[in-house]
Structures are given as C-alpha cells and as structure tokens.
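Below is one structure; the comments refer to it alone.
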Amino acid sequence: MDTKTKATLTLDGKSYDLPVHAPTLGPNVLDIRKLYADAGVFTYDPGFTSTASCESSITFIDGDKGELLHRGYSIDELAEHSHFLEVCYLLLYGELPTAAQLSDFEGRVTRHTMVHEQMHYFFRGFRRDSHPMATLVGVVGAMSAFYHDSLDINDPWQREVAAIRMIAKLPTIAAMAFKYSVGQPFVYPKNSLDYAGNFLHMCFAIPAEDYVVNPILSKALDRIMMLHADHEQNASTSTVRLAGSSGANPFACIAAGIACLWGPAHGGANQACLEMLREIGTVDRIPEFIARAKNKDDPFRLMGFGHRVYKNFDPRAKVMKESADEVLGLLGIENNPTLQVAKEMERIALEDDYFVSKKLYPNVDFYSGIILDAMGFPTSMFTPIFALSRTVGWISQWKEMIADKDQKIGRPRQLYVGEKHRKYVDVRHR
Ligand code: CMC
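All residue numbers for the sequence shown refer to our numbering, where the first residue is 3 and numbers rise by one.
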C-alpha cells in the first residue's frame, strides 16, 4: 500500500491526521482505522457507497469509464480471446496460465465434478417445486457436511481443495437442482466435455436419448460465465468476505454469498428482467412501463437497468448484447420478440431524461436472460447460472482475505437512534 499524503480532520477544535493511500488504479483512499480510537467518532455510510472494506488485487472497476479489469486484463479482451476456466485460473492465481498450467488446472477441476453419492438423497428432502436457488443455498451449505477434509481454513492445501471442489461441483449441483425441479433423473457429469458443455449436458440430457452439445450454445454459455466471474466488492462478495471473516468454513461462506445473490437488486435481476420483458410483451407497451419506473409512488424499477458503480455503461452488457445478437442469429431466431422489446426499451430509456440524468444504463442482466432463454433454460435457472459463474470470484476473494495479515472479523458500527435508558415497568402497570 502506497501512502504518500495525509488528510486532516478537525473536530471540536482538535486536528487528527488521516493517512491517504494511493491505489494502483482508482481514487485515493482515506484510512480511518484509528479514527474511533483517536477521536472517539464513527463514520456513517449506509450501503458502503464511500467505504473500501478491504485491500484487493483481483478485480478493478472504473465506473465512469465503464471499465472492468481482472488482474489487469480487460473484460473485453478476455471475452474475445479467453475462456471461462482460463479466467478462473487468472482470478485464483493472479496470472494467465501457461499451456501446461491450464491443462493441469482443467484436469483438477474435471476430476472433482462428481458429488458425493449421498447428496442425491439429500436433494430428495426438498419439494419438487422449490426454486433452484433455494435448493442451491441449502445444498452448497451442506457441502461442509460432506467434505470434512477441506474445512480447515488455516491449511493452504485444504483451502485450495475447497476452491477446486466448489468450482467443479457448483455446475453439477445447479444442474441437479434443475433436474429435480422438473422431475427428471440426475445426469452425472461427463468429463470428456468442456465446463460449459458439461453443464448443458447435465441440464438437458435424458437417459432415453443421446444428447449432443451444440457448440454455439456451449461457447455462448462459456462467455456468460466469463462475464459473471467476478465483480470486486459487490453485495454477495462482501457477504462471503464477512461470513469468512469470522473463520466460517468455505462452503458455508459461499452458501451465504448465494443467498445474497438471489435478491432481485443483485443476481436475481436476470430472472426478474426477462419476466419483465415478457410481461411488456410488445414494443407499444414500453412507454407504460417507462412511466411506471419514473413514478416515485410506484416501487416498480426497470430490471436490468442501473448499477451502483457503472455510471456510463456496463462493459459486460455491451459484450452480452453482441452475444445475444450472435447466438440468436446463429440459432435462426433473430426475430425473437423479447429481444425486440429489449432493444427498443434500451433505445427509449437511453434517450429519456430520467434515465440519462440518473446515469441508468442496461447492466449485465439485461441481455443475459434472452440468451439463456434461447438455450432452453427456464427463468428460475438464470440466477443459479450466475451463482455458479460467480463462485470463482467469491472463492478467490475469500482466499485473498484469509491470506491477508490485516484481516479482522467484519464488525460495522451504527448510528443509534433508539430510546435512551428506560426503567423496566412490570406488565401489570403498562
Ligand atoms: N429503474 C428506475 N429507476 C431506477 C433504477 C431502475 N432500474 N435504478 C435506480 N433508479 C433510480 C432510483 O429510484 C434513484 O432515484 P432517486 O435518486 O430519485 O431516488 C436513483 O436511480 C439511484 O438509485 P439507487 O437505488 O439509489 O442506486 P443504487 O446504486 O443503490 O442501486 C441498483 C443500484 C442496481 C440496485 C439499482 O439500479 C436497481 O435496483 N436496478 C434494478 C435491478 C438490477 O438490474 N440489478 C442488477 C445489477 S447488475 C448485476 C449484479 O451486480 O448483480
């Protein structure tokens, strides 16, 4: 950490020096760690809009430029030239792999794709109509009951095994959640297929017929996974870090991240967005929904629009839109009515004062659902696919945190606005 300058805070006539850290990229960061001890005050920042919670060297976002870097590589370049497992390696270990390192890593992930056979029975405790995210939260949390030999967070080897297990098994568990919800038998992983192809196979193969993975679909799915792999300190990643800061085991931490991701303001937006586009149905109904989104008395929001950090454009959405055009074109369904509504909605919103002045742009979830829908996934599987793609980001951030000597249990303070001291009154006198 490079500390060159300091800021001075004056409070009640006294001055306090605060170190100012210079990051490699992004705005300077005011270090307030000693503020309470020295000045006896807290800072107040609901939603952490101005607070850096950790030091990290994994992912960088410049919200004004619409830039996303993983370990210094831009998402556009990665989306064009790389593939999901290579990006996983980059996020986990900090460098692009050599051919030998990549093949070793792919081998390790592939060898871990099966889940403990007893897990099949664990699934049967869920109702068939459970949302796959509900099943995913439960089953990933339960991994700590199955993999006792990778729970010791102080052992680097066990941390590594837990990371590989989760990257390898999340697609298997998500596919099982899907199969369970549609009443079909589970399909075992097939290690001759690549990561995305294997997931499609586990979701769409049935024992009665041969299933051949469509390379257009597996390539498009791999790109969706890449675009979702990590996104610095977003809500679910911060949840994983907070859960992990208490020393909780890695499976419990990732389950906490999945629970947070499920919300419609975060990963649940991809399901909500496609359902919204379908509800709109035709281009002529768009103004009605735009008007609702602008109405302060209506809780409705345009799903797939807006972002806490991106205030210019979401670089992932740009790639996702190109991908939607390409995939639907290759599949011969470019006249997909939902895509037409989405494109027109984007056009109208980007010219509207409300959206322009609030810097609301389509985010990654705006176009991903259209591609997943074209692949045959029901909307309830959209967020589980986000979850399995983000697992590598969560686990990379968790590993970084555990190895950080400055890490402490996460424990925010509060601005208390409740009652002052009161005397207990017996129930007969209230
Ligand atoms: N539609 C209409 N108005 C909006 C929207 C929207 N989608 N998003 C924000 N606004 C308005 C909001 O009402 C507020 O207006 P005002 O200043 O008059 O009160 C202003 O814009 C700022 O919004 P905010 O809620 O304070 O901003 P935030 O940074 O806390 O929220 C967000 C960011 C992504 C939660 C929000 O834009 C949103 O709810 N979007 C829809 C859900 C969505 O698409 N989420 C996916 C995010 S990207 C994938 C991921 O990271 O999971």
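Beta carbons are placed, not taken as given, at the ideal position from N, Cα and C, and that holds for glycine.
Minimum C-alpha distance to residue i - residue among the options
i: residue 68; options: 284, 314, 419, 229; result: 314
i: residue 139; options: 273, 242, 293; result: 242
i: residue 105; options: 426, 206, 363, 196; result: 196
i: residue 209; options: 216, 224, 187; result: 187
i: residue 131; options: 400, 45, 183; result: 183
i: residue 342; options: 356, 326, 353; result: 326
i: residue 323; options: 422, 226, 278; result: 226
i: residue 1; options: 35, 70, 66; result: Since the first residue of the chain shown is 3 and the last is 432, residue 1 is not available in this structure.
i: residue 266; options: 293, 292, 237; result: 237
i: residue 261; options: 128, 143, 381; result: 143
i: residue 149; options: 360, 252, 384; result: 252
i: residue 168; options: 145, 29, 98; result: 145
i: residue 290; options: 405, 378, 338, 351; result: 351
i: residue 415; options: 337, 10, 147, 48; result: 48
i: residue 277; options: 164, 384, 425, 147; result: 384
i: residue 217; options: 377, 95, 368; result: 377
i: residue 31; options: 58, 430, 76; result: 58
i: residue 404; options: 155, 354, 166, 338; result: 155
i: residue 311; options: 81, 56, 70, 55; result: 70
i: residue 136; options: 386, 425, 432; result: 386
i: residue 228; options: 157, 432, 89; result: 89
i: residue 392; options: 87, 66, 426, 65; result: 87
i: residue 29; options: 166, 65, 14; result: 65
Buried or exposed (CB count within 10 angstroms, at least 16 for buried), residue i
i: residue 428; result: exposed
i: residue 7; result: exposed
i: residue 116; result: exposed
i: residue 151; result: exposed
i: residue 175; result: buried
i: residue 159; result: exposed
i: residue 235; result: buried
i: residue 402; result: buried
i: residue 141; result: buried
i: residue 309; result: buried
i: residue 50; result: exposed
i: residue 419; result: exposed
i: residue 123; result: exposed
i: residue 363; result: buried
i: residue 63; result: buried
i: residue 365; result: buried
i: residue 256; result: buried
i: residue 239; result: buried
i: residue 84; result: buried
i: residue 367; result: buried
i: residue 181; result: buried
Sequence-distant residues of its chain with Cβ nearer than 7 angstroms to residue i (five each side left out)
i: residue 390; result: 172, 173, 176
i: residue 78; result: 317, 321
i: residue 258; result: 241, 242, 245
i: residue 388; result: 230, 263, 269, 272
i: residue 215; result: 195, 199, 202, 203
i: residue 133; result: 382
i: residue 185; result: 130
i: residue 127; result: none
Cut-off 6 angstroms between Cβ atoms - residues of its own chain near residue i, not counting five sequence neighbours on either side
i: residue 21; result: 5, 8, 33
i: residue 170; result: 111, 114, 115
i: residue 207; result: 189, 213
Contacting residues, own chain, Cβ-Cβ under 8 angstroms from residue i (five flanking each side not counted)
i: residue 280; result: 340
i: residue 93; result: 60, 61, 72, 73, 231, 232, 394, 395, 398
i: residue 45; result: 34, 37, 53
i: residue 10; result: 17, 18, 19, 20
i: residue 417; result: 44, 46
Handout entry: Segments assigned alpha helix (DSSP H), at least 4 residues, entirely inside the region 19-78
Key = Fully enclosed alpha helix (DSSP H) runs of 4 or longer: 37-41.
Handout entry: Cβ contact (3+ pairs, closer than 8 angstroms) linking the region 180-198 and the region 288-301
Key = Short answer: they don't touch.
Handout entry: Entirely enclosed alpha helix (DSSP H) segments - the region 314-389, minimum 4 residues
Key = Scanning the region 314-389 for uninterrupted alpha helix (DSSP H) segments of 4 residues or longer gives 317-332, 339-353, 355-359, 367-377, listed from N- to C-terminal end.
Exercise for the section: Counting only runs of 4+ residues fully inside the region 179-246, write out the alpha helix (DSSP H) ranges in chain order. Expected result: Listed in chain order, they are 197-206, 217-230.
Handout entry: Stretch pair the region 271-283 + the region 304-312: three plus CB contacts closer than 8 angstroms
Key = They touch, by the three-pair rule.
Handout entry: Cβ contact (3+ pairs, closer than 8 angstroms) linking the region 275-290 and the region 344-356
Key = Contact holds: three or more Cβ-Cβ distances are below 8 angstroms.
Problem - Secondary structure, alpha helix (DSSP H): runs of 4+ residues fully inside the region 253-309 - result: Given a length threshold of 4 residues, each whole run of the alpha helix (DSSP H) inside the region 253-309 is given here in chain order: 271-282, 288-296.
Exercise for the section: Check whether the region 363-378 touches the region 318-330, counting contact only when three or more Cβ pairs, one atom from each stretch, lie closer than 8 angstroms. Expected result: Yes: the two stretches touch, three or more of their Cβ pairs being nearer than 8 angstroms.
Practice task
For the region 13-32 and the region 384-401, state whether three or more C-beta atom pairs, one from each stretch, are separated by less than 8 angstroms.
Solution key: Taking a cut-off of 8 angstroms on C-beta distances, the region 13-32 does not touch the region 384-401, as fewer than three cross pairs fall below it.
Exercise for the section: Decide yes or no for the touch test of the region 403-420 against the region 236-251: beta carbon pairs closer than 8 angstroms, at least 3 of them. Expected result: Yes: at least three Cβ pairs fall under 8 angstroms.
Problem - Stretch pair the region 212-227 + the region 98-113: three plus CB contacts closer than 8 angstroms - result: No: the two stretches stay apart, fewer than three of their Cβ pairs being nearer than 8 angstroms.
Problem - Stretch pair the region 35-43 + the region 11-21: three plus CB contacts closer than 8 angstroms - result: Taking a contact to require three or more Cβ pairs closer than 8 angstroms, the region 35-43 and the region 11-21 qualify as touching.
Handout entry: Contiguous beta strand (DSSP E) assignments of at least 3 residues, all confined to the region 110-136
Key = Qualifying beta strand (DSSP E) stretches: none in this window.
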